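Here's the structure we're looking at; comments come further down.
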Amino acid sequence: MCGITGIFDLRDRRSVNRALLEAMNETQFHRGPDEGGVHLEPGVGLAHRRLSIIDLASGQQPLFNEDETVVVTYNGEIYNFPELTAELQQAGHRFRSHCDTEVIVHAWEEWGEACVQRFRGMFAFAVWDRNRDTLFLARDRLGIKPLYYSALADGQLIFGSELKALMAHPGLPRRMDPHAVEDYFAFGYVPEPRSIFRGVHKLPPGHTLTVHRGQGNLSEPREYWDVPFTDNGITHLDTAAEELTARLREAVDIRMVADVPLGAFLSGGVDSSAVVAMMAGLSDDPVRTSSIGFADPAYDESRYARLVAERYHTDHHTQEVDPDDFALLDRLSGLYDEPFADSSALPTYRVCEQARQQVVVALSGDGGDENLAGYRRYRHHLAEERLRAPLPLGLRRPLFGSLAHLYPKADWAPRPLRAKATFQALARDSVEGYFQGVSILRDDLRAHLFSPAFRRSLQGYGALEVLRRHAERAPTEHPLSLVQYLDMKTYLPGDILTKVDRASMAHALEVRVPILDHQLVEWISGLPPELKLRGPEGKFVFKKAMEPYLPEEILYRRKKGFSVPVAEWFRGPLRERMQAQVLGPRIADSGIFDMDFLKTLVNQHVSGARDHSPALWSLLMFESFLAHSERRQPSVVDWR
């Protein structure tokens, strides 16, 4: 895996500052410690940090075509590059290496912007075509690899794999986007295409951006792929399970090509265990597997990982992590550059650290929950939908909205007695209901979180609009498929894949995700929803498919997740730190928050009256982002 960055003059062919480009590139040294490369010509600068995986002796970047009129800087893996190489050679293109990178320049020459339709893999790249005076940026279909970009006031376009590369440019304004702040405290991350800074964008998954010199304003990114949710004609469980196994095996197989040590994460969950089972059947040598364990059995799943490791005789390594492993808190803000509130980033960092001691490439099971309906929230959402179905929204909203307003809040009561929450759910439409289920801070908390001045800056904007925008163009109306689609557009790239990319790249580890092979995703999306979620059982067809390969204890145990004991930390060893940061001067001076409300959150949590740990963790990570930003130059980070 690698890191890319670049500077492009949108107006003319002014010279690019080499020292500045190299400084931007070096911020991403961790992504590619093996080699670094820079290409400069009038009005264009491209740079690259390389983690060598395939064709170690060649494939240095930026990489050119035969006559050096087309050059690419690229992060990722294109798994079907041997087939594309043969096809392009037949068309008359000459190759000088055996790496997947060279396929991109020739594919651009042959197919232009449509080249991305031919690539099967994970990628973010920039192609500069001197003859067409065109810069072409592209990101893979699911958003496995990141790409940030910004058009500066002086007419330069800058881009990079991580926000820190852009922040090394002195012309980048550091003004927070209030809408991004609202999004963050709703979702726990900043969803695409926004970033935390105004004018800095993430290229959305499945999109490209074509830039012609002198075009004036940037055009909008163009979408080249979407999850189809088109009926694939399969309705029988056994048929679906058999084909799913074959397709997963093939997706794993093409991801096992590497000229460096390769292994897998093994958490003991269904997804990673299935990937390891497929790898074991395809490899003559023992699969190298890595997992972490916790001393506290409430959080430890390492024994399930050992079950799979023993069954497939893997070369298994487990590192025990203290459940009070919060020494990484200061490190996280530097890794993610933006506020990022998924506390499982801590154990993810540790498992990547452990894996890198054994391998350079690791396969993971990410994407199974979104693809195959594994989250419990999907089951809860469908239950709410059944309650909402008998009455139209026009009747439900005023009736149950009024009842919810009158009924007292009773978080302390058993779920059946929490009528206020039930009335609130019945008063919502489907998208609004799901939004409340996935929000880190629900609307009622965010309504009190912000200061009056900051609320005015939002101008009526609410984070619900993120899901509304995707729902309006969703290719499905089925309630389960719709929320899967929403997660694939938001939670998957914004949280899950971002978390793994930064944690793995911090250790120069490449992570490949076979369950997110786009051909497999397309096929799974076309299965009937009842094969994915049947009664209380998520991933139903996947578990049936894996019954010959995995023990029942792995397939049908209650999902635990990769969690850490944040609520306990904030009442114990992290109490003083949390109070000092959440109620401290950075948060207060930002002008964003109602400090009296923050004191209420802290006091209620510390006393045990309420569990506000998600809100407090989000605030702690936001304060850490502010502190980290202050240490960079220039240090002004404001939203006004």
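Residues 118 to 757 in the working numbering are what the sequence shown lists, from first letter to last. Ideal Cβ placement from N, Cα and C applies to all residues, glycine included. Computed from a predicted model, the values in this text were never measured in an experiment.
Residue i and residue j closer than 9 angstroms at C-beta
| i | j | result |
| --- | --- | --- |
| Leu489 | Val658 | yes |
| Leu626 | Arg405 | no |
| Asp728 | Ala684 | yes |
| Leu499 | Leu597 | yes |
| His165 | Gly120 | yes |
| Leu127 | Leu274 | yes |
| Ala241 | Leu264 | yes |
| Pro645 | Arg496 | no |
| Lys262 | Gly485 | no |
| Pro321 | Gly260 | yes |
| Asn481 | Val638 | At residue 481 the sequence reads Ser, which differs from the Asn that was named. No, the pair does not count as a contact, with Cβ atoms beyond the cut-off. |
| Ala394 | Met663 | yes |
| Lys660 | Val387 | yes |
| Val187 | Glu158 | no |
| Phe314 | Arg339 | no |
| Ser419 | Thr435 | yes |
| Arg673 | Phe457 | According to the sequence shown, residue 673 is Tyr rather than Arg. No; because the gap between Cβ atoms is not below 9 angstroms, this pair is not in contact. |
| Phe552 | Val298 | no |
| Thr352 | Thr251 | no |
| Phe236 | Ile170 | no |
| Ser758 | Leu280 | The requested residue 758 does not occur in the structure, where the chain is confined to residues 118 to 757. |
| His433 | Ser460 | no |
| Leu584 | Val548 | yes |
| Gly708 | Ser556 | no |
| Leu650 | Ala357 | no |
| Ser735 | Tyr301 | yes |
| His722 | Phe346 | no |
Cβ-based burial, residue i [other Cβ within 10 Å; buried from 16]
| i | result |
| --- | --- |
| Glu455 | buried |
| Leu508 | exposed |
| Gly123 | buried |
| Pro60 | The question about residue 60 has no answer here: the residues shown for the chain are numbered 118 through 757. |
| Arg532 | Here the model assigns Arg532 a pLDDT of 49, short of 50, so the residue's position is not dependable and the matter cannot be decided. |
| His745 | buried |
| Gly577 | exposed |
| Ala203 | exposed |
| Gly209 | exposed |
| Leu534 | Any reading at Leu534 needs caution, since the residue's pLDDT is 42, under 50, leaving its predicted position unreliable; the model's value is listed next. It counts as exposed. |
| Gly611 | buried |
| Tyr492 | buried |
| His635 | buried |
| Ala530 | The predicted model places Ala530 with a pLDDT of 44, which falls under 50 and marks its position as unreliable; any figure quoted below should be read in that light. Flag for Ala530 reads exposed. |
| Gln145 | buried |
| Leu399 | exposed |
Terminal residues of the alpha helix (DSSP H) in which residue i lies
| i | result |
| --- | --- |
| Arg256 | Arg256 -> not in any alpha helix (DSSP H); beta strand (DSSP E) instead, spanning 251-256. |
| Tyr266 | Unbroken run through Tyr266 is the beta strand (DSSP E), 265-268; no alpha helix (DSSP H). |
| Ile490 | The sequence shown places Ala at residue 490, rather than the Ile named in the question. Looking at the DSSP string, Ala490 is not in any alpha helix (DSSP H), and its letter there is neither H nor E. |
| Tyr602 | 596-606 |
| Met396 | 387-399 |
| Gln636 | 635-642 |
| Glu204 | 198-207 |
Option in the options with minimal Cα separation from residue i
| i | options | result |
| --- | --- | --- |
| Gly579 | Leu609, Val317, Ala564, Ala570 | Ala564 |
| Ala588 | Leu575, Ser574, Leu603 | Leu603 |
| Glu740 | Arg757, Val723, Ser730, Asp706 | Asp706 |
| Thr593 | Asp348, Ile671, Gly491 | Asp348 |
| Ser680 | Arg573, Pro665, His722, Ala462 | Ala462 |
| Arg148 | Val699, His624, Arg748, Gln696 | His624 |
| Phe411 | Asp401, Ala422, Asp402 | Ala422 |
| His156 | Thr190, Arg130, Gly708, Glu219 | Thr190 |
| Tyr666 | Gln696, Val583, Lys649, Ala363 | Ala363 |
| Asn197 | Leu137, Cys216, Asp711, Arg428 | Cys216 |
| Lys616 | Pro464, Asp546, His324 | Pro464 |
| Gly643 | Gly316, Asp343, His433, Val392 | Asp343 |
| Arg467 | Gln178, Ala620, Gln207 | Ala620 |
| Ala140 | Phe181, Ala282, Gln234, Gly380 | Ala282 |
Residue-chain proximity (residue i, chain B), Cβ-Cβ < 9 angstroms
| i | result |
| --- | --- |
| Phe146 | In summary, chain B is missing from the structure at hand, where a single protein chain is found. |
Residue i: first and last residue of the uninterrupted beta strand (DSSP E) it sits in
| i | result |
| --- | --- |
| Thr327 | 324-329 |
| Thr615 | Here Thr615 belongs to no beta strand (DSSP E); instead the alpha helix (DSSP H) covers 615-622. |
| Ser192 | Residue 192 is actually Asn in this sequence, not Ser. Note, Asn192: beta strand (DSSP E), 187-195. |
| Trp756 | Note, Trp756: premise wrong, no beta strand (DSSP E); not H, not E. |
| Cys469 | Run containing Cys469: none in the beta strand (DSSP E); it sits in the alpha helix (DSSP H), 462-473. |
| Asp246 | 238-246 |
Residue i CB to nearest heavy atom of the ligand NAD below 8 angstroms
| i | result |
| --- | --- |
| Asp370 | Ligands in the displayed structure: none, and consequently the ligand NAD is not present. |
Unbroken stretches of the alpha helix (DSSP H), 4 residues or longer, contained in the region 541-571: Inside the region 541-571, DSSP marks whole alpha helix (DSSP H) runs of 4 or more residues at positions 547-555, 560-566, from first to last along the chain.
Restricting to runs no shorter than 4 residues, where is the alpha helix (DSSP H) found entirely within the region 415-453? 419-428, 446-453
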